[in-house]
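Structure record follows, encoded as structure tokens.
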Amino acid sequence: MFRYVDCIDAGTEYCPCHLAEKGECIICSQLRGKNFCDCLNWKGTCIYEEFIWNNKKAKRIREFKEFTIENKRLIRDDLLLLQVSVNPYLAKQLNNIGSYVFLKKPGSPLCFATPVSIMDSDIKNNLITMVVKILGVKTKDLLECKDKVELKGPYWNGIQGQIFLKNLKGNEILIVARGVAAAPCVMAAKKLIKANNKIIVVLEKGRGNGNFAKERFKSLGCEVYDVNMINYNDYSLSEEFKNLLLELIKKNNFKVTISGGSDEFHRLYLNFVYALDKSLKFATVNNAIITCGEGICGSCEVKLDRGIIKSCKQQYNPAEVFINLRGEGRK
388 MFRYVDCIDA
398 GTEYCPCHLA
408 EKGECIICSQ
418 LRGKNFCDCL
428 NWKGTCIYEE
438 FIWNNKKAKR
448 IREFKEFTIE
458 NKRLIRDDLL
468 LLQVSVNPYL
478 AKQLNNIGSY
488 VFLKKPGSPL
498 CFATPVSIMD
508 SDIKNNLITM
518 VVKILGVKTK
528 DLLECKDKVE
538 LKGPYWNGIQ
548 GQIFLKNLKG
558 NEILIVARGV
568 AAAPCVMAAK
578 KLIKANNKII
588 VVLEKGRGNG
598 NFAKERFKSL
608 GCEVYDVNMI
618 NYNDYSLSEE
628 FKNLLLELIK
638 KNNFKVTISG
648 GSDEFHRLYL
658 NFVYALDKSL
668 KFATVNNAII
678 TCGEGICGSC
688 EVKLDRGIIK
698 SCKQQYNPAE
708 VFINLRGEGR
718 K
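The sequence shown begins at 388 in our numbering and counts up by one.
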């Protein structure tokens with residue numbers, strides 16, 4: 388199985404980071420205490436050289452800034468749509484696959500900050516759109532925002548397996564999504580369609596009038612299907628969903644499929660389609676518990692056979708995490 392290591396921040400203005408200061412750089416061997424140069428994934432700049440030129444210190448970190456809320460409304464009793472005016476820099480940087488930010492109510496402690504994926508970024512009007520699922524204290528606190536919100540970003544690791552999405556042109560891509568995980572898939576579809584890719588989307592019907600992102604996918608030109616994906620009595624894929632997947636995979640030549648859902652759903656879905664077509668590549672919405680976004684706190688760590696992944700900023704092949712090759716799923 389193809390394995391790779393990448394840091395989403397490598398080569399950006401946020402590199403080298405505090406991991407380099409502590410000998411924990413994901414990419415640079417010399418900034419992990421080795422005596423030789425053996426970069427894991429060259430990004431066009433020497434991280435070690437940048438570190439030395441910066442007086443052996445990390446470059447600037449992302450900080451919270453206050454921005455104006457242009458639109459705030461509940462689109463379901465537990466789904467909050469937020470549209471926020473940002474500066475041109477953020478609008479441009481967040482107009483990328485996997486982009487996310489940290490949000491909190493002005494004046495709330497830092498521990499209230501919660502990561503939220505970007506569904507859309509309008510670079511002409513400097514407006515970003517997000518959908519927040521109201522679950523606990525952090526997200527309930529966002530409901531109390533009036534006309535301002537504090538935002539920290541940009542971050543880009545909201546989707547794993549981005550290596551399989553970059554440089555795709557003129558291909559067919561299958562997106563399956565459930566609930567709020569459809570939001571980052573909208574951004575992915577937007578960018579992939581601009582590269583002349585055909586996008587087919589399968590959405591969980593859910594409750595009410597269907598998934599909130601359905602009309603957004605349609606407006607992008609995606610072919611959209613609605614199904615009930617899960618049998619909740621044993622949490623397995625429904626026959627309706629499996630039959631649709633069989634039909635779509637037979638009719639189309641998909642290069643990549645994107646899974647938007649829980650990790651348990653990723654595991655069910657990836658194993659099913661991998662059994663149908665072992666040439667498929669996978670990308671998945673990142674469900675890690677992300678607290679700092681800088682690879683420091685450890686809350687996002689994923690344990691693989693080859694070591695620990697800091698999944699808030701480190702990329703991996705989703706197949707390595709979710710596909711069962713030895714008769715049992717990874718826990």
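Virtual Cβ for every residue (Gly too), placed ideally from N, Cα, C.
Quick caveat: nothing in here was measured; it's all calculated off a predicted structure.
Cα-Cα separation, residue i to residue j
i    : j    : result
R693 : G548 : 17 Å
K444 : E400 : 13 Å
K629 : A568 : 20 Å
K446 : W440 : 10 Å
G716 : Y661 : Note that G716 has pLDDT 42, beneath the 50 cutoff, so the model's placement of it is unreliable and the number below is only indicative. C-alpha separation (whole angstroms): 14 Å.
A600 : P403 : 36 Å
K668 : K533 : 42 Å
K479 : N639 : 33 Å
I462 : G420 : 50 Å
L624 : I645 : 16 Å
G485 : I550 : 12 Å
K577 : N422 : 43 Å
F709 : C609 : 27 Å
Y476 : V536 : 17 Å
R565 : I677 : 20 Å
E627 : V611 : 15 Å
N584 : E651 : 28 Å
L655 : E436 : 44 Å
E602 : N596 : 11 Å
I696 : K553 : 21 Å
I510 : N620 : 44 Å
F659 : N711 : 10 Å
I448 : G682 : 12 Å
L657 : I587 : 17 Å
L490 : L538 : 5 Å
R594 : V614 : 11 Å
A575 : Y391 : 21 Å
C412 : H405 : 8 Å
K520 : T526 : 7 Å
F604 : C426 : 39 Å
P496 : V503 : 17 Å
P705 : K592 : 25 Å
I560 : N442 : 45 Å
K637 : L529 : 44 Å
T501 : L691 : 26 Å
Same chain, Cβ closer than 6 Å to residue i, neighbours up to 5 away in sequence not counted
i    : result
G680 : Y542, C699
G714 : Below a pLDDT of 50, predicted positions are generally treated as unreliable, and G714, at 44, falls in that range; the measurement from the model is reported next regardless. No residues qualify anywhere along the chain.
Y516 : It is Thr, not Tyr, that sits at residue 516 in the sequence shown. Correct list, in chain order: Q470, M506, D507.
G647 : A564, A568, A569, C572, V672
F451 : E537, K539
D393 : N428, Q702
H653 : S646, T671, F709
Spatial neighbours of residue i in its chain, beta-carbon cut-off 7 Å, leaving aside the 5 residues before and after
i    : result
G398 : K430, G431, T432
I370 : Lying before the first or after the last residue shown, residue 370 is absent from the chain, which here runs from 388 to 718.
E531 : K492
S649 : N674
E408 : K444, A445
N558 : N584, K642
E453 : P493, K535, E537
Secondary structure of residue i, DSSP reduced to three states
i    : result
F669 : strand
V392 : coil
C491 : Contrary to the premise, residue 491 reads as Lys rather than Cys in this sequence. K491 falls in the strand class under three-state DSSP.
D692 : coil
E651 : helix
T678 : coil
Y703 : coil
I636 : helix
D509 : strand
K527 : helix
L663 : helix
L522 : coil
E715 : Summary for E715: the model assigns pLDDT 41, below 50, so the residue's position carries little reliability; its value from the coordinates is reported in the next sentence. Looking at E715 - three-state DSSP - the assignment turns out to be coil, as it is neither helix nor strand.
F709 : helix
Inter-residue CB distance, residue i and residue j (contact presumed, cutoff 8 Å)
i    : j    : result
G540 : V471 : Rounded, the Cβ-Cβ distance is 11 Å, inconsistent with contact.
M506 : V524 : That belief does not hold up - the Cβ atoms of M506 and V524 are roughly 23 Å apart, past 8 Å.
A675 : C684 : A675 to C684, Cβ: 11 Å. No contact.
N458 : L468 : 7 Å
V563 : V589 : 5 Å
A670 : V643 : 6 Å
L633 : L663 : 7 Å
N474 : N513 : 6 Å
Cβ shell of residue i (< 8 Å), same chain only, five flanking positions each side left out
i    : result
L555 : L579, A582, N584, K642, V643
Q417 : F423, C424, Y435
L522 : D465
Chain D contact for residue i (CB, 8 Å cutoff)
i    : result
V567 : No chain D is part of this structure, which consists of one protein chain only.
Next on the checklist: Suppose only complete runs of 3+ residues qualify. What are the beta strand (DSSP E) ranges in the segment 564 to 631, listed by chain order?
Outcome noted: Correct list: 585 to 591, 610 to 614.
Checklist entry - Which whole runs of the alpha helix (DSSP H) in the segment 399 to 481 are 4 residues long or more, in chain order? => result Listed in chain order, they are 405 to 408, 434 to 440, 475 to 480.
Item to check | Secondary structure, beta strand (DSSP E): runs of 3+ residues fully inside the segment 535 to 564 | outcome: Entirely contained in the segment 535 to 564, the beta strand (DSSP E) runs reaching 3 residues are, in chain order, 535 to 542, 559 to 564.
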